[in-house]
Structure formats: C-alpha cells, structure tokens
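Asker: The following block contains the structure, expressed as structure tokens.
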Amino acid sequence: MAMKINRNTFKWSAWLGWQMESNWTRPFIFAIYAIVRPIAASLILVVMFYVITYLGDPSTARANFDFLFIGNAFFMYIAQVLFGVTWIIHDDREHYRTLKYIYISPANYFVYILGRTLSKILITTFAVIITLAFGVIFLEVPLNPLGVDWLLFIPVFIIGLLSIIAFGLALAGISFLTAKHTMGMNEGIAGVFYLFCGVIFPLSVLPDWGISFAKILPVTYWLDLIRTSLGAGAGIDTAVAGTSVEVSLVVLIISTIGFALFSIGTFKLGDNLARRKGYLDMTTAY
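What follows is the structure, encoded as structure tokens:
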C-alpha cells in the first residue's frame, strides 16, 4: 500500500511541477521561451569570452571556448535543479500555503519533492540540448553524437544529477527552518560551484587551497568526466588532467554517496524540527 502511495505521489507531483512551470502562458509561447532563454544566457558568456580573447592570447581560444561552453551548458542543472529543489519549500509554505495540507495527506513529502524535481530536470535537459545544438551549429563546438562515449556519459550524467539533487535536499532541509532567505542561500551555494568546480575556467588558475577544496566536490569530477565523454573541452585543466577516468569516476561515486547520506539526514532533521516547532505554516513574506 505504501509503495503504491509513493508511486502515485511521485507521478502526480512530477505532473504538478510541469504544470506550475509551464502553465503561465500558451504552449507555443512557452516553447519559444524555452528555446530562446538558454541561448540568450549562453550568448552573454560568448560575447564576454571573445572580448577577453581579443585582448589576450588567441592561440588557445578554441580549446578554452569549448571548455567554457560545455561547462556553462551543464551548469544549468546546478542552477535550476539546486535552486528548484530548495525553492519548493518556500513556494508550498509561503506562496501557495499548501505545505501543511500536503503533510496531513497520505503523501510522503520527501517523495513529493523528488517528483517535483523530476519536472525541473526534464525542462533543464531540454534547455541544455538546445544550448549544445546552438553551439554545434553556430559556434563550431566540436560535438559529434557519433563520437560521444555514451557508456561513460550516461552513468556519469546520472550520478552527477544525483549529487546535485543531494545538495538541493540538504538546502531544502535547512530552508524548513529559515525565513525567505532561501534564494540568497541558493545563489551563494551555486556561486561556490561556479567558482570552484571548473565551470568556465580551469581549476589550475585557483590558489592551492582553492584546488584542494574543489577536489572534494563531486561536481568538479562530474564536469570533467562530462567533457571527457563528449570529447569537447577536455584536457586543458592541468589540475585534474593527471587523474584517470577510472579514478575520477570512483571519486565521483564515493563523494556522491557521502553527500547523499548527509543530505538525507539534513532533510530529515529539518523536517522533524519544523514539525516540532510549528514552522510548516510559517509565513515570512515581510
């Protein structure tokens, strides 16, 4: 019985998430928005890159651009999924004021959040595909579907998503106990990943302590393995170039498991404290 309830909760919460993301306009306009938005966001970095390249050394421009473009494309998962998982708590509690009603229903709120997260992953995946296609067609990014190491890409992609969801669940557990400061917390954590995980520049430009910190984050290995499996932008970061694919994959798996256990514990702790302190119907919209 519990399994059936959880299955239905996951299915309908995913459907609910899709409706909330897309029903603010007509499907045709939403489709245009979904295509234009990621391209416009990427073009900002493209223009910045070419300005910097014009002032710097053009001999390494191609490899550096591929590194930046792939990293920025897959960073969308961190920005959207990490932010989205945490913001669900605020939306349900203070915007729609439905959190307490979900809690008194048969639904498991943890499963409910996972379902809502699925819809965000699907929308972000569409944006990433559009961005990569734009890069291949108009920016000459050397990405060939026939040349992709799919046996490496698929498991690495899934494990990386799990690590991002894990971070989101930890922040969601904290947001049970906070006021409406969740957005600043999300942007701060996403900024840490942006700076220390080799999204737009190699880790080798960081100081030694920054490189050491970056190497404990699973997202660092995720992006490096993504670039390696796609065959674009890989090998220019000397801080991780000496690490084999096998070692990087093992570190990614172990660190993801560790952060997942920590995140589930943090979520459960925040959930229990929120119940005991009566925060489930708290509003802080001041």
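Just add 1108 to the spot in the sequence shown (first one is 1) and you have the working numbering.
Glycine included, each C-beta is placed from N, C-alpha and C at the ideal position.
On a CA-only basis, which of F1183, R1134, A1215 is nearest K1119? Give me that one, please.
Answerer: Mapped onto the sequence shown, residue 1119 falls at position 11. The shortest Cα separation from K1119 among F1183, R1134, A1215 belongs to A1215.
Asker: In or out: T1225 buried (at least 16 other Cβ within 10 Å) or exposed?
Answerer: Residue mapping note: residue 1225 aligns to position 117 of the sequence shown, counting from 1. Of the residues assessed, T1225 falls on the buried side of the cut-off, its CB having 16 or more other CB atoms within 10 angstroms.
Asker: Identify whether Y1387 lies in helix, strand or coil by the three-state DSSP scheme.
Answerer: The residue labelled residue 1387 in the question sits at position 279 within the sequence shown. The DSSP-derived three-state label of Y1387 is coil.
Asker: Taking contact to mean at least 3 C-beta pairs separated by less than 8 Å, is the stretch 1237-1250 in contact with the stretch 1206-1213?
Answerer: In this structure the stretch 1237-1250 does not lie against the stretch 1206-1213, because fewer than three pairs of beta carbons, one per stretch, are closer than 8 Å.
Asker: At a cut of 8 Å, does the stretch 1143-1159 reach the stretch 1310-1323 through at least three beta carbon pairs?
Answerer: no
Asker: To the nearest angstrom, how far is the alpha carbon of L1325 from that of C1305?
Answerer: Here residue 1325 refers to the residue found at position 217 of the sequence shown. Here residue 1305 refers to the residue found at position 197 of the sequence shown. Near 7 Å, if we compare the C-alpha coordinates of C1305 and L1325.
Asker: Residues in its own chain within less than 6 Å of V1219 by CB, not counting five upstream and five downstream?
Answerer: Locating residue 1219 in the sequence shown gives position 111, counting from the first residue. Excluding sequence neighbours, V1219 sits near N1114, T1117, F1118.
Asker: Do you know how far the Cα of G1268 is from the Cα of A1187?
Answerer: In the sequence shown, residue 1187 corresponds to position 79, counting from 1. In the sequence shown, residue 1268 corresponds to position 160, counting from 1. Rounded to the nearest angstrom, the two C-alpha atoms are 13 Å apart.
Asker: Which of the three DSSP states, helix, strand or coil, is assigned to Y1204?
Answerer: Stepping through the sequence shown from its first residue, residue 1204 is reached at position 96. Here Y1204 sits in coil by DSSP.
Asker: With three or more C-beta pairs closer than 8 Å as the rule, is the stretch 1355-1372 touching the stretch 1185-1200?
Answerer: Taking a cut-off of 8 Å on C-beta distances, the stretch 1185-1200 does not touch the stretch 1355-1372, as fewer than three cross pairs fall below it.
Asker: Which value, in whole angstroms, describes the spacing of the CA atoms of L1277 and F1367?
Answerer: Taking the sequence shown and counting its residues from 1, one reaches residue 1277 at position 169. Taking the sequence shown and counting its residues from 1, one reaches residue 1367 at position 259. The alpha-carbon atoms of L1277 and F1367 are separated by roughly 10 Å.
Asker: Does the structure place the stretch 1168-1184 close enough to the stretch 1279-1296 that three or more beta carbon pairs sit under 8 Å?
Answerer: no
Asker: Which same chain residues, not among the five before or five after A1382, have their C-beta less than 7 Å away from its C-beta?
Answerer: By 1-based counting over the sequence shown, the position of residue 1382 is 274. When the five nearest sequence neighbours on each side are left out, the beta carbons in the same chain lying within less than 7 Å of the beta carbon of A1382 are those of F1284, L1285, L1388, in order along the chain.
Asker: Our contact map puts P1146 next to A1235 with C-beta atoms below 8 Å; I'd like the distance itself, whole angstroms only.
Answerer: Along the sequence shown, one-based indexing puts residue 1146 at 38. Along the sequence shown, one-based indexing puts residue 1235 at 127. Indeed they touch by this definition, with Cβ atoms about 4 Å apart.
Asker: Go to T1346, then tell me how far its alpha helix (DSSP H) extends in each direction, as first and last residue.
Answerer: Position 238 of the sequence shown, counted from the first residue, corresponds to residue 1346. Taken as a continuous stretch (DSSP letters only), the alpha helix (DSSP H) holding T1346 covers 1346-1349.
Asker: Taking the C-alpha atoms as reference points, what is the distance between S1356 and I1262?
Answerer: As a position in the sequence shown, residue 1356 is number 248, starting the count at 1. As a position in the sequence shown, residue 1262 is number 154, starting the count at 1. The alpha-carbon atoms of S1356 and I1262 are separated by roughly 15 Å.
Asker: Identify every run of the alpha helix (DSSP H) within the stretch 1131-1199, keeping only runs that are complete inside it and at least 4 residues long; order them along the chain.
Answerer: 1135-1163, 1169-1185, 1191-1198
Asker: Look up N1252 in the DSSP assignment and say whether it is helix, strand or coil.
Answerer: Locating residue 1252 in the sequence shown gives position 144, where the first residue counts as 1. In this structure, N1252 counts as coil in the three-state DSSP scheme.
Asker: By DSSP, does F1284 sit in helix, in strand, or in coil?
Answerer: Taking the first residue of the sequence shown as position 1, residue 1284 is located at position 176. Looking at F1284 - three-state DSSP - the assignment turns out to be coil, as it is neither helix nor strand.
Asker: So what does DSSP say about I1334, is it helix, strand or coil?
Answerer: Within the sequence shown, residue 1334 is the residue found at index 226, counting from 1. Three-state DSSP puts I1334 in a helix.
Asker: For the alpha helix (DSSP H) containing S1320, name the first residue and the last one.
Answerer: Numbered from its first residue, the sequence shown carries residue 1320 at position 212. First-last of the alpha helix (DSSP H) with S1320: 1316-1322.
Asker: If I'm right that D1199 touches I1210 with Cβ under 8 Å, what's the distance once you round it to whole angstroms?
Answerer: For this step, residue 1199 is matched to residue 91 along the sequence shown. For this step, residue 1210 is matched to residue 102 along the sequence shown. Wrong, their Cβ atoms sit about 11 Å apart, outside the cutoff.
Asker: Give me the Cβ distance between N1409 and I1308, rounded to the nearest whole Å; I'm assuming they're in contact under 8 Å.
Answerer: What the structure shows of the chain is the stretch from 1109 to 1394, and residue 1409 is not part of that stretch, so it cannot be assessed.
Asker: Excluding the 5 residues preceding and the 5 following T1328 in the sequence, name in chain order all residues of the same chain whose CB lies nearer than 8 Å to its CB.
Answerer: For the purposes of this step, residue 1328 is identified with residue 220 of the sequence shown, where counting begins at 1. F1304, C1305, G1306, L1311, A1322, V1348.
Asker: From I1178, W1258, T1133, pick the residue whose C-alpha is nearest to that of A1241; which is it?
Answerer: The residue given as residue 1241 occupies position 133 in the sequence shown. It is I1178 whose Cα lies nearest to the Cα of A1241.
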